[in-house]
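**Q**
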Amino acid sequence: KIWEKIMTDILGYRALFGVLGPSTNTTVQPEFDEMRPPGVTNHYSRIWTPDAHAVSNETFMNATMVIADNVMDAIDSVMTCSPDHLVMGNSAITFYDGITGADKFQSEVESRSKLGVSIGSHATAAALNAYGDIKKIAFISPYFPTANEQVRRYFEESGFQVTGDYCFRCPRWTEIAKVPEQKIRRALGELNKTGVDALVQVGTNLPMARLAAAIEEELEKPVIAINTATYWHALRVNNIDDKVDGFGSLLKEY
6 KIWEKIMTDI LGYRALFGVL GPSTNTTVQP EFDEMRPPGV TNHYSRIWTP
56 DAHAVSNETF MNATMVIADN VMDAIDSVMT CSPDHLVMGN SAITFYDGIT
106 GADKFQSEVE SRSKLGVSIG SHATAAALNA YGDIKKIAFI SPYFPTANEQ
156 VRRYFEESGF QVTGDYCFRC PRWTEIAKVP EQKIRRALGE LNKTGVDALV
206 QVGTNLPMAR LAAAIEEELE KPVIAINTAT YWHALRVNNI DDKVDGFGSL
256 LKEY
């Protein structure tokens with residue numbers, strides 16, 4: 006009993022984060038690890054996900070629902086390391102059916118794990134609200150149009166005016182991590198012309214954490230990468246207020 010009372014995890018003495026991400030995702034794990042402050046450790050649990058071919062709105066949505074169906078098994082797996090908080094490393098399914106759908110998904114994860122969870126949709130809305138003066142936004146994604154409609158619905162229900170969006174229509178999950186930087190810059194540049202207060206990127210396998218920070222400096226307005234927003238949320242709800250450089254104003258100032 007004395008041992009249990011005084012001992013904490015040697016490396017994760019501030020928090021152990023259980024990270025839930027698709028097995029095809031090669032971006033969340035390295036980006037979260039780069040953002041990790043001392044005393045916080047990330048423990049990745051892969052959601053079994055076939056590298057599906059997405060060639061239409063219907064096949065894209067069907068493939069994302071396979072991910073949703075396998076989330077609970079990934080939760081059960083990561084819970085064996087006794088994490089303090091869960092962090093969702095997949096974003097599409099957290100936007101479906103607007104705020105009601107996001108709340109339902111969060112409730113299901115928390116009910117299964119008995120832990121709090123940071124999910125992409127709510128975390129990004131919280132990040133935008135942290136700035137205090139963001140009303141108009143536009144976003145990019147690796148999705149197909151039908152999924153972008155769900156993201157737009159969520160943000161509009163959250164009180165933001167969405168002036169535009171762009172989807173890369175990536176044909177496989179693993180292709181998302183291969184979208185060239187110039188294509189991302191071009192898409193954000195066009196959306197910036199719509200008079201936005203901030204730009205947002207969703208789709209956790211799109212490598213954007215450091216790129217968003219660079220574009221933010223160039224455009225002189227917030228550019229929120231969903232992995233940054235989700236990890237920021239996980240830190241802050243666990244009273245970890247470290248300011249982390251290199252990932253934009255959100256982690257550095259808020």
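So for the sequence shown, the working numbering puts the first residue at 6; every next one is plus one. Just so you know, even glycine gets a beta-carbon here, dropped at the ideal spot from N, CA and C. Keep in mind that this is a model prediction, so the values were computed, not measured.
Report back the beta-carbon spacing between Phe173 and Val184 to the nearest angstrom; my notes put them in contact at under 8 Å.
**A** For the purposes of this step, residue 173 is taken as the residue at position 168 of the sequence shown. For the purposes of this step, residue 184 is taken as the residue at position 179 of the sequence shown. Sure, about 6 Å apart at Cβ, within 8 Å.
**Q** Closest by CA to Asp78, which one among Trp53, Ser163, Ile98 and Ser87?
**A** The residue given as residue 78 occupies position 73 in the sequence shown. If we check each option's Cα against that of Asp78, Trp53 comes out closest.
**Q** Excluding the 5 residues preceding and the 5 following Thr179 in the sequence, name in chain order all residues of the same chain whose CB lies nearer than 6 Å to its CB.
**A** Walking along the sequence shown from the start, residue 179 turns up at place 174. Taken in chain order, the residues that qualify are Thr29 and Asp56.
**Q** Helix, strand or coil for Asp247, going by three-state DSSP, please let me know.
**A** As a first step, residue 247 is located in the sequence shown; it is residue number 242 there, counting from the start. Asp247: coil per DSSP, three-state reduction.
**Q** Could you tell me whether the Cβ atoms of Val205 and Ser96 are closer together than 8 Å?
**A** Reading the sequence shown from its first residue, position 200 is the one you call residue 205. Reading the sequence shown from its first residue, position 91 is the one you call residue 96. With respect to Ser96, Val205 sits apart: the two C-beta atoms are not nearer than 8 Å.
**Q** Below 7 Å CB to CB, which residues in the same chain sit around Tyr49 once its five sequence neighbours on both sides are set aside?
**A** As a working note, residue 49 is residue 44 in the sequence shown. Take Tyr49, set aside five residues on each side of it, and the residues of its chain with a beta-carbon closer than 7 Å to its own are Val24, Gly26 and Gln34, in chain order.
**Q** Grouping DSSP H, G and I as helix and E and B as strand, with all else coil, what is Met40?
**A** In the sequence shown, the residue the question calls residue 40 occupies position 35. In this structure, Met40 counts as helix in the three-state DSSP scheme.
**Q** Can you list, in chain order, the residues of its chain with a C-beta nearer than 8 Å to that of Lys188? Leave out the 5 residues immediately preceding and following it.
**A** Translated into the one-based positions of the sequence shown, residue 188 becomes position 183. The answer, listed in chain order, is Phe173.
**Q** What are the residues that DSSP puts in a beta bridge with Leu91?
**A** If you number the sequence shown from 1, residue 91 lands on position 86. Note: Leu91 sits in a beta bridge opposite Gly23 and Val122.
**Q** Bridge partners of Asn47, per DSSP?
**A** Stepping through the sequence shown from its first residue, residue 47 is reached at position 42. Partner(s): Phe22.
**Q** I'd like to know if the region 217 to 228 and the region 104 to 113 are in contact, where contact means that at least 3 CB-CB pairs between them fall below 8 Å.
**A** Counting Cβ pairs under 8 Å, fewer than three are found: no touch.
**Q** Out of Thr151, Asp138 and Thr168, state which residue places its alpha-carbon closest to the alpha-carbon of Ala59.
**A** As a position in the sequence shown, residue 59 is number 54, starting the count at 1. It is Thr151.
**Q** Where DSSP assigns a beta bridge to Ile142, which residues make up the other side?
**A** Residue 142 sits at position 137 when you count from the first residue of the sequence shown. Val167 and Ala203, per the DSSP bridge assignment.
**Q** Less than 8 Å separating the beta-carbons of Ile142 and Leu133?
**A** Residue numbering aside, residue 142 sits at position 137 when the sequence shown is read from its first letter. Residue numbering aside, residue 133 sits at position 128 when the sequence shown is read from its first letter. Yes, they are a contact pair.
**Q** With distance defined between alpha-carbon atoms, name the residue in Gly106, Thr85, Val167 and Ile98 nearest to Val76.
**A** Translated into the one-based positions of the sequence shown, residue 76 becomes position 71. Residue Ile98 is the option with its Cα nearest to Val76.
**Q** Following a CB-centred definition, is Val184 positioned closer than 7 Å to any heavy atom of the ligand COA?
**A** Looking for the ligand COA in the displayed structure turns up nothing, as the structure carries no ligands at all.
**Q** Is Gly94 buried or exposed, if buried means 16 or more other CB atoms sit within 10 Å of its CB?
**A** Within the sequence shown, residue 94 is the residue found at index 89, counting from 1. With 16 or more other Cβ atoms within 10 Å, it is buried.
**Q** What do you get for Leu196, buried or exposed, if any count of 16 or more other CB atoms within 10 angstroms of its CB means buried?
**A** In the sequence shown, counting from the first residue as 1, residue 196 sits at position 191. With 16 or more Cβ atoms within 10 Å of its Cβ, Leu196 is classed as buried.
**Q** How about Thr233 and Ala219: do their beta carbons lie closer than 8 Å?
**A** Numbered from 1 along the sequence shown, position 228 holds the residue referred to as residue 233. Numbered from 1 along the sequence shown, position 214 holds the residue referred to as residue 219. Not in contact: Thr233 and Ala219 (Cβ atoms no closer than 8 Å).
**Q** Can you tell me whether DSSP reads Cys172 as helix, strand or coil?
**A** Reading the sequence shown from its first residue, position 167 is the one you call residue 172. Looking at Cys172 - three-state DSSP - the assignment turns out to be strand.
**Q** Taking Cβ positions, are Ala192 and Ile145 nearer each other than 8 Å?
**A** Within the sequence shown, numbered from 1, the residue matching residue 192 stands at position 187. Within the sequence shown, numbered from 1, the residue matching residue 145 stands at position 140. Yes, they are a contact pair.
**Q** Measure the alpha-carbon distance for Lys198 versus Thr235 and round it to whole angstroms.
**A** In the sequence shown, counting from the first residue as 1, residue 198 sits at position 193. In the sequence shown, counting from the first residue as 1, residue 235 sits at position 230. Their Cα atoms are separated by approximately 26 Å.
**Q** Within a Cβ cutoff of 8 Å, which residues of the same chain sit near Thr168, ignoring the five residues on either side of it in sequence?
**A** Start at 1 with the first residue of the sequence shown, and residue 168 comes out as number 163. Contacts found: Lys141, Ile142, Ala143, Leu196, Thr199, Gly200 and Val201.
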